[in-house]
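Notes to accompany the following structure.
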Amino acid sequence: MIKEILTLAAAATAVCSLPLNAAEPPKPCGAVPTKQQVDWLRMEWYAFVHFGLNTYTNREWGYGDEKPDLFKPGHFDADAIVSTFKKAGMTGMIYTAKHHDGWCAWPTKTTEHNITKSPWKDGKGDVVKEFAQACKKHGIKFGTYLSPWDRNCAEYGRKGYLKVYYAQIRELLTNYGPIFEIWFDGANGGDGFYGGAREKRNIGNADKYYNFEEVVRIIRSIQPDCIIWGAGGHGDVTWGGSEKGHVRLPLWNPTNMGKKNEKWISLEGDTPINHAGWFWHPGQSSKVKSPEVLMQVYLDSVGRGANLILNVAPDRDGRLDPADVASLLKFGENRRRLISNDYALGGKVEASEVRGNDKRFGGDKLTDGDIESYWCPNDGTTSGELVVTLDKPVTFDVVRIREQIRLGQRVKDYRIEAFVDGEWKVVDPGAKELMANQQGKPDKDKLTAPQKTIGNQALRRLDAPVTTDRVKLVITDARACPCISELSLLRMPREIKAPTISRKGAEVSIESLEGYEIIYTTDGSEPTVKSKVFDGSLKAPRTCTIKAAYRDTKDGEIGSTGAVSFGEAKVGWKSKTGEDAIDDNPNTFWKGEKAGDSMVIDLGRTTTINAFSYLPRQDGKFEGMTDQYVFAVSADGESWRKVAEGEFSNLRANPIELKVDLDKRVKARYVRFTGKRALEGQGVTAAEINVFSPEGKASSGKKAKKAKKSKKSKKSRRNK
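The numbering of the sequence shown is the UniProt record's numbering, which starts it at 1 and goes up by one.
Given below as structure tokens:
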């Protein structure tokens, strides 16, 4: 029985052995994925691991002048990290062997800026090797990230660098076993150390400078099965379009669709598990994404036909953050529960048309548990209906559909119906209706064209659970005869979401949820049955971490933890020009007229400061986003002392709040933020500026009122 068609030649050979009067399989339509791309798509999700010198400098992008001796993890254990990924259900991991700072985490022969100059294991360590061996031991795949941009190398921007870079590629692909994916980041050129030149270098067209055609040739010659991310469009996979994990709607994997020589390019959604960034940062445990947020990211990437690479970064000791691990494992458990029970499996399927009346292409292929078999109608038919009938009613709220992508991505629009209360009701509408009701939806959920695709797979989460014994898939449009390999009915496991915590002034608000009480802590610990119950009164005038969770009042189950690390509350703060940056409203922002402009904040009292943070504008625009800054303090607003200067990295792709720890604590009443340079435009902007003191605790009830009497001008700040 023919289950799949890999190439036209294979199809022709198979047809010769078909029974008399058997229907021929359909010819591929448009671009089709390679075997390697199909195998990669079957992986679904895997880990990204950012771990290097940036871990120790509290930066996202190193400048290139960092000393290798910074790298000295006390308890790094690749086996423990990889076993965590395996336990979560991840299928692989990709390690940042070299990031933009140019430091190599393996004993390369191409540069002295490598791990042999680090004190870890007396200069004999090899992080790449340890991760590769751990992946092999635990049965998951290993991949590497190798930044093309190298802010350390003196030859970067010149032809001499290509020899260095190509050699690094060869080393990684030759010495560490099978590499399932190699990642080439898109950040290229700019300020850097460059061997001591400390200048800006522009490489122009990255495709031409790196000669990505040659890069691909090198990779294919060493490891032909390795998936290539990026490489100027010459690779197999490209960026999903945001660092929040979601990919666009509709998602067509072939590029240049409808044109000659189109090529299948898969998408990969990427995001860190923690809002703090890609590398580990101090205090990040309050910013971990909850399991239900991770589930939505999964639906917005894998559920749209792409793969998901989820970053989980080790700390300076070489260990994963416990908060990250807890959320990862809980999400992994929820994912397993979601996909482990397919209520449609074995269901009877009636199709509106079957190709040549050949059972090999019958409707029952949707529910046979084999994603390689498929239903399809005759050539020229671009629509159809399939009714799945079950032995008994089931309750589901997620529908998974797959196309046989080895024959190309075909479906342009479809809807899902369920037989409820004696009639067919639409539970997942088609593209036209979806587009008519997009107002108010997040941009990530809006269709960019009047099409609704399936591709590798579509995980459609319904607005509410549906109970029925009959489901109908209605395909209304396709590029060619549709080839559907699976329809599954799934049930999302119970998820108790994390509460939303906010603060205005010193007053803390926690979103309520009917049927649940709110338990919370103010010392950074996890809420338990013994924690305080939120009664609506909570003040946080000082720097502190508040964690809260919903607790079911009937069965006592505790949901995911919501956490926020607040800085000093902005009670009594004043600024002549920067009021919009101290109003606890991320949707407003201060704007300076030109690069180098400053805003001064009067904190209202002398405050001990050990950190500050910058939130870039949140309206999706880059004008005025400040990527270079100076932070100064003053006791009187006249005499100033610079206490921090540096770079905010990766703002375009990930415009999150960025916290900067000061080298030492300072006391000041006034602070001054200067934006030295903007990503675009002439002026500089800031949505919020926060300052932090050594952490204290929030106060509730009578204690809060007593504190207010004894310390009338506790003025603090927030950190979202």
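Where a beta carbon is used, it is the ideal one built from N, C-alpha and C, also for glycine.
Problem set entry | Beta-bridge partners of V394, as assigned by DSSP | T468
Problem set entry | For M90, the first and last residue of its enclosing alpha helix (DSSP H) | Per DSSP, M90 belongs to no alpha helix (DSSP H) and is neither H nor E.
Exercise. Just checking my contact of E292 with T271 at CB under 8 Å: how many whole Å lie between their CB atoms?
Worked result: The Cβ separation is near 15 Å, so there is no contact.
Problem set entry | E214 - DSSP class collapsed to helix/strand/coil | helix
Problem set entry | Environment of L651 [buried if 16+ CB atoms lie within 10 Å] | Looking at its Cβ environment, which holds 16 or more other Cβ atoms inside 10 Å, L651 is buried.
Problem set entry | Spatial distance of G232 from R42 (CA atoms) | 24 Å
Exercise. From L513 to A549, what distance separates their C-alpha atoms?
Worked result: 10 Å
Problem set entry | Extent of the continuous beta strand (DSSP E) to which M599 belongs | Per DSSP, the unbroken beta strand (DSSP E) holding M599 starts and ends at S598 to L615.
Exercise. Under 8 Å, do Y95 and F71 count as touching if we go by C-beta distance?
Worked result: If you check the CB distance, Y95 and F71 do not come in under 8 Å.
Problem set entry | Pair within 8 Å by beta-carbon distance, E495 and M295 | yes
Problem set entry | Inter-residue Cα distance where the pair is R503 and G192 | 39 Å
Problem set entry | Contacting residues, own chain, Cβ-Cβ under 6 Å from P442 (five flanking each side not counted) | none
Exercise. Since T545 sits in a beta bridge, which residues does DSSP pair it with?
Worked result: D523 and S565
For this session: Please report how far the alpha carbon of P148 lies from the alpha carbon of A687, in whole angstroms.
Result: 32 Å
For this session: Evaluate contact between the segment 599 to 610 and the segment 577 to 585, counting only Cβ atoms and requiring at least three cross-stretch pairs below 8 Å.
Result: Contact between the segment 599 to 610 and the segment 577 to 585 is present, because at least three Cβ pairs lie under 8 Å.
Problem set entry | Other residues of its chain near K330: CB distance less than 7 Å, five sequence neighbours each side excluded | P291
For this session: Check whether the Cβ atoms of A480 and E262 lie closer than 8 Å to each other.
Result: no
For this session: Kindly indicate which residue of L538, D597, Y343 and W45 has the alpha-carbon position closest to the one of P393.
Result: Y343
For this session: Could you have a look at W149 and say whether DSSP puts it in helix, strand or coil?
Result: coil
For this session: Go ahead and label N152 buried or exposed: buried means 16 or more other beta carbons lie within 10 angstroms of its beta carbon, across all protein chains shown.
Result: buried
Problem set entry | the segment 169 to 186 / the segment 113 to 121 touching (three or more Cβ pairs under 8 Å) | Cβ pair count under 8 Å is below three, so no.
Problem set entry | In DSSP terms, what T271 is bridged to | L310
Problem set entry | Where Y670 falls: helix, strand or coil (DSSP) | strand
Problem set entry | Candidates S537, P541 and G559, of which the one nearest T528 by Cα | With respect to the C-alpha of T528, the residue from S537, P541 and G559 having the closest C-alpha is G559.
Exercise. Between V643 and the rest of its own chain, which residues show a CB-CB distance below 7 Å, the 5 nearest in sequence each way excluded?
Worked result: F631, A632, V633, L662 and V666
Problem set entry | Proximity winner among S286, P377 and L489, relative to G369 (alpha-carbon distances) | L489
For this session: Please list, in chain order, all residues of the same chain as I425 whose beta carbon is under 7 Å from its beta carbon, the five residues on each side excluded.
Result: In the sequence as displayed, the identity of residue 425 is Lys instead of Ile. Counting only Cβ-Cβ distances below 7 Å, and skipping sequence neighbours, we find E417 and A418.
For this session: Scan the segment 175 to 249 and note each continuous alpha helix (DSSP H) run of 4 residues or more that stays entirely inside, going in chain order.
Result: You should have 206 to 210 and 212 to 222.
For this session: Tell me the start and end of each unbroken alpha helix (DSSP H) in the segment 54 to 129 that is at least 4 residues and wholly inside, in chain order.
Result: 54 to 57 and 78 to 88
For this session: State the beta-bridge partners of T367 as determined by DSSP.
Result: DSSP lists no partner for T367.
Exercise. Across which residues does DSSP place P254 in a beta bridge pair?
Worked result: W264
Problem set entry | N357, buried or exposed, once every other Cβ within 10 Å from all chains shown has been counted against 16 | Exposed is the call here.
Exercise. Do the segment 239 to 253 and the segment 614 to 633 make contact, defined as three or more Cβ pairs closer than 8 Å?
Worked result: no
Exercise. Secondary structure at L662, three-state DSSP: helix, strand or coil?
Worked result: strand
Exercise. If you run the structure through DSSP and keep just helix, strand and coil, what is G303?
Worked result: helix
Exercise. CB I140 to CB G92, shorter than 8 Å?
Worked result: Here I140 is near G92, since their CB atoms are less than 8 Å apart.
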